[in-house]
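According to the working numbering, the sequence shown holds residues 8 to 78 in order.
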Amino acid sequence: MDHRLIDLLVCPVCKGPLQLARNAAGQPQELQCPADRLGFAVRDGIPVMLESEARVLDGELASPPSAPTLG
Ligand SMILES: [Zn+2]
């Protein structure tokens with residue numbers, strides 16, 4: 008798997024950068040858009056960049072670039 012492929016990917020919704028979430032084995036599992044709070048699954052190393060296939064993230068982003076701190 009060429010990781011540069013994933014590096015080049017942007018969110019199909021907002022064209023923003025995506026964060027790669029890995030599973031416990033260190034394998035690419037999901038590409039997450041912090042702006043849209045959407046997660047795009049990576050199946051067999053191939054990202055599924057379809058908004059219709061994305062799932063809504065609920066406070067489970069891998070590493071938000073600028074996590075708001077409230078209180
Ligand atoms: Zn987005």
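Just so you know, even glycine gets a beta-carbon here, dropped at the ideal spot from N, CA and C.
Out of Phe47, Gly23, Pro24, Pro41, point me to the one whose CA is closest to Glu58's CA. Sequence index remark: in the sequence shown, residue 58 carries index 51 (1-based). Checking every option, the nearest Cα to that of Glu58 belongs to Phe47.
* Who are the near neighbours of Gln36 in its chain, counting only those whose CB is closer than 7 Å to its CB and skipping five residues on each side? -> To locate residue 36, count along the sequence shown from 1; it is residue 29. For Gln36, where only same-chain residues beyond five positions count, the Cβ hits under 7 Å are Ala28, Arg29, Asn30, Val49.
- request: From the DSSP output, read off the bridge partner residues of Arg62.
  value: Taking the first residue of the sequence shown as 1, we reach residue 62 at position 55. Answer is Gly46.
task = Alpha carbon to alpha carbon, how far is Gly52 from Ala32? Give it in angstroms, no decimals.
result = Translated into the one-based positions of the sequence shown, residue 32 becomes position 25. Translated into the one-based positions of the sequence shown, residue 52 becomes position 45. Their Cα atoms are separated by approximately 13 Å.
Which residues have a Cβ closer than 7 Å to any heavy atom of ligand 1, listed in chain order?
Cys18, Val20, Cys21, Gly23, Cys40, Ala42, Asp43, Leu45
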